[in-house]
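Comments concern the structure below.
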Amino acid sequence: MENLKAFLKRKDIVITSKRYGIDALGAMAQGLFCSLLIGTIVKTLGEQLGLAFLVEAGAYASAMSGAAMAVAIGWALKAPPMVLFSLVTVGYAANTLGSTTLSGGKGAGGPLAVLFIVIIAAEFGKAVSKETKVDILVTPLMTILVGVGLSALTAPAIGSAATAIGNITRLATDNQPLLMGILVSVVIGMALTLPISSAAICAAFSLTGLAGGAAVAGCCANMVGFAVLSFRENGWGGLVSQGIGTSMLQMGNIVKNPRIWLPAILTSAITGPIATCLFKLEMNGPPVSAGMGTCGLVGQIGVWTGWIAPSEDAIANGAAAIVPGAVDWIGLLLISFVLPAVLCWAFGSFFRQIGWIRDGDLELN
1203 MENLKAFLKR KDIVITSKRY GIDALGAMAQ GLFCSLLIGT IVKTLGEQLG LAFLVEAGAY
1263 ASAMSGAAMA VAIGWALKAP PMVLFSLVTV GYAANTLGST TLSGGKGAGG PLAVLFIVII
1323 AAEFGKAVSK ETKVDILVTP LMTILVGVGL SALTAPAIGS AATAIGNITR LATDNQPLLM
1383 GILVSVVIGM ALTLPISSAA ICAAFSLTGL AGGAAVAGCC ANMVGFAVLS FRENGWGGLV
1443 SQGIGTSMLQ MGNIVKNPRI WLPAILTSAI TGPIATCLFK LEMNGPPVSA GMGTCGLVGQ
1503 IGVWTGWIAP SEDAIANGAA AIVPGAVDWI GLLLISFVLP AVLCWAFGSF FRQIGWIRDG
1563 DLELN
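The opening residue of the sequence shown carries number 1203 in the working numbering; numbering runs sequentially from there.
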């Protein structure tokens, strides 16, 4: 056992929830952002402007999402170069096969399959890396064969499971928009602030439609909410860094005083059902957009692209292009910016008055 521990330490194979559930998951979301999400935005702009080059560039970027996610995960796991480069093939295989179901239909589990399979393939590749004199053959062979083999054996099952969970969530939200609007908004909003990836969660389960809209509401409630709530302590710099950056910056303060999270949570519990019940806000762009909130305005751009050119995931879930009206735009602005700012500020003022939030509790280092 001691020899095994020493070997794993030497190979930097760290089997912990942080390495796999936070580092790898967060990196996967970045890979997805830099391929599928950017590709969708560029392609949509090209279609709207009639620029074929942008359409082609966007299509190329989107097609590389599996490889991009895999390389990002490998980087987070500190994979050596030969392993990292080999993961391109593994990511492509896992994403392709995870995007199907056991019955051969379209699945939603591509990102989820990439996460699980790439982690295993990367660790096997790291284990054999530089252990032989023919490393240039052994390392890529091990990484690719383990990854592609696992993809063939498990990815369609992962695709079926992810599809089932996503379908249940979307169906429940369509049938119970009030209750599910609260639940999805609060859970995804909290995931965005926690050191995990709300974007990756939304992508893994293909959260589009009303469920995607509720997710957008929850993420905006946390980002804009914390930005406004902490303006007294952090000024304009904090407003920008949290409002279009990430509310995760407050995680250290939340650990010290969990009550500072209550205004954002309560706000998300209100804006979620307003989005689903009143404005019928749907997010039919790339599912990853649903978990981005106001980060770089990706959530809002996702809603817009979903209106005029729904993603493949959204189309598979029954979405169709629409011409947004004034109510759609008003709903998007209220859910994304106005209501989170007003409600979170109001809740925060009350909690400051009763002493649950003290001056300095929200100050960023």
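C-beta: ideal position from N, C-alpha, C; glycine also.
Everything numeric in this text was worked out from a predicted model, so none of it was measured.
Report, in whole angstroms, the separation of the C-beta atoms of residue i and residue j, which I expect to be a contact under 8 Å.
i, j, result
"Met1344", "Ile1275", "17 Å between Cβ atoms; not a contact."
"Ala1398", "Ile1217", "Here the sequence assigns Ile to residue 1398, which means Ala is not the residue at that position. No, Ile1398 and Ile1217 are not in contact; Cβ-Cβ is about 18 Å, not under 8 Å."
"Ala1323", "Val1292", "5 Å"
"Ser1288", "Thr1246", "With a Cβ gap of about 33 Å, Ser1288 and Thr1246 do not count as contacting."
"Ala1466", "Gly1391", "7 Å"
"Ala1419", "Ala1366", "In fact, because the Cβ distance is near 24 Å, the residues do not count as touching under 8 Å."
"Thr1496", "Leu1545", "The Cβ separation is near 15 Å, so there is no contact."
"Phe1235", "Ala1401", "7 Å"
"Leu1464", "Gln1502", "Leu1464 to Gln1502, Cβ: 26 Å. No contact."
"Ala1364", "Leu1314", "5 Å"
"Glu1325", "Ile1215", "5 Å"
"Arg1221", "Leu1279", "7 Å"
"Gly1440", "Ala1423", "With 8 Å as the limit, Gly1440 and Ala1423 do not qualify as a contact, their Cβ atoms being about 17 Å apart."
"Gln1452", "Leu1564", "7 Å"
Do you know how far the Cα of residue j is from the Cα of residue i?
i, j, result
"Gly1427", "Leu1355", "44 Å"
"Leu1206", "Ser1331", "16 Å"
"Ser1219", "Asn1519", "32 Å"
"Met1450", "Val1336", "44 Å"
"Ala1416", "Ile1384", "8 Å"
"Leu1238", "Leu1431", "33 Å"
"Phe1481", "Asp1530", "7 Å"
"Ala1588", "Ala1543", "No information on residue 1588 is available, as it lies outside the stretch 1203 to 1567 that the chain covers here."
"Ala1226", "Ile1321", "8 Å"
"Ala1272", "Val1316", "7 Å"
"Ala1259", "Ala1471", "39 Å"
"Val1244", "Gly1557", "48 Å"
"Lys1213", "Leu1339", "18 Å"
"Pro1283", "Trp1277", "9 Å"
"Gly1487", "Asn1459", "36 Å"
"Gln1444", "Gly1454", "14 Å"
"Ala1548", "Arg1554", "10 Å"
"Arg1434", "Gly1562", "9 Å"
"Glu1204", "Leu1347", "29 Å"
"Gly1248", "Gly1504", "15 Å"
"Leu1256", "Ser1551", "47 Å"
"Ala1175", "Ser1267", "For the chain, the structure presents residues 1203 to 1567; residue 1175 sits outside this window and is missing."
"Ile1517", "Ile1456", "39 Å"
"Ile1524", "Trp1438", "37 Å"
"Ala1261", "Gly1368", "25 Å"
Do residue j and residue i have their beta-carbon atoms positioned less than 8 Å apart in this structure?
i, j, result
"Thr1298", "Ser1362", "no"
"Asn1436", "Leu1253", "no"
"Gly1508", "Ala1528", "no"
"Val1540", "Gly1474", "no"
"Ser1301", "Gly1312", "yes"
"Ile1319", "Arg1461", "no"
"Ile1510", "Gln1250", "yes"
"Ser1569", "Pro1512", "For the chain, the structure presents residues 1203 to 1567; residue 1569 sits outside this window and is missing."
"Ala1269", "Val1285", "no"
"Ala1263", "Ile1240", "yes"
"Leu1381", "Cys1479", "no"
Measuring CA to CA, which of the options is closest to residue i?
i, options, result
"Gly1498", "Val1442, Val1529, Ala1511", "Val1442"
"Ile1403", "Glu1204, Gly1228, Met1203", "Gly1228"
"Pro1526", "Leu1483, Asp1563, Thr1410", "Leu1483"
"Ala1413", "Met1485, Gly1445, Trp1438, Ala1423", "Met1485"
"Leu1352", "Ala1296, Thr1365, Ile1370", "Ala1296"
"Ile1532", "Pro1465, Trp1506, Cys1546, Ala1466", "Trp1506"
"Gly1515", "Ala1359, Ala1419, Ala1492", "Contrary to the premise, residue 1515 reads as Asp rather than Gly in this sequence. Ranking Ala1359, Ala1419, Ala1492 by Cα distance to Asp1515 puts Ala1492 first."
"Ser1538", "Val1490, Ile1370, Ile1446, Asp1563", "Ile1446"
"Leu1394", "Ala1429, Thr1469, Thr1448", "Thr1448"
"Val1500", "Lys1213, Val1386, Thr1242", "Thr1242"
"Ala1405", "Leu1373, Asp1376, Met1494", "Met1494"
"Leu1210", "Ile1370, Gly1327, Cys1421", "Gly1327"
"Val1350", "Leu1380, Tyr1294, Ile1456", "Tyr1294"
Cβ-heavy atom distance between residue i and the ligand ZN below 7 Å?
i, result
"Gly1474", "Only the bare structure without any ligand can be found here, which leaves the ligand ZN out of the picture."
So with Cβ pairs under 8 Å, would you call residue i a contact of chain D?
i, result
"Ser1399", "The chain inventory of the structure shown lacks chain D, comprising one protein chain alone."
Check: What are the start and end residues of each continuous alpha helix (DSSP H) run of 4 or more residues lying completely inside the segment 1467-1549, in chain order?
Finding: Within the segment 1467-1549, the complete alpha helix (DSSP H) segments of 4 residues or longer fall at 1500-1510, 1514-1518, 1528-1535, listed in chain order.
Check: Curious, which full-length alpha helix (DSSP H) runs of at least 4 residues does the segment 1268-1337 contain?
Finding: Listed in chain order, they are 1283-1300, 1312-1330.
Item checked: Uninterrupted alpha helix (DSSP H) stretches inside the segment 1379-1413 (no shorter than 4 residues) -> The qualifying runs are 1379-1395, 1400-1406.
Next item on the list: With a floor of 4 residues, list each alpha helix (DSSP H) that falls wholly inside the segment 1233-1272, ordered by position along the chain.
Entry: Whole alpha helix (DSSP H) segments, 4+ residues: 1240-1251, 1254-1265.
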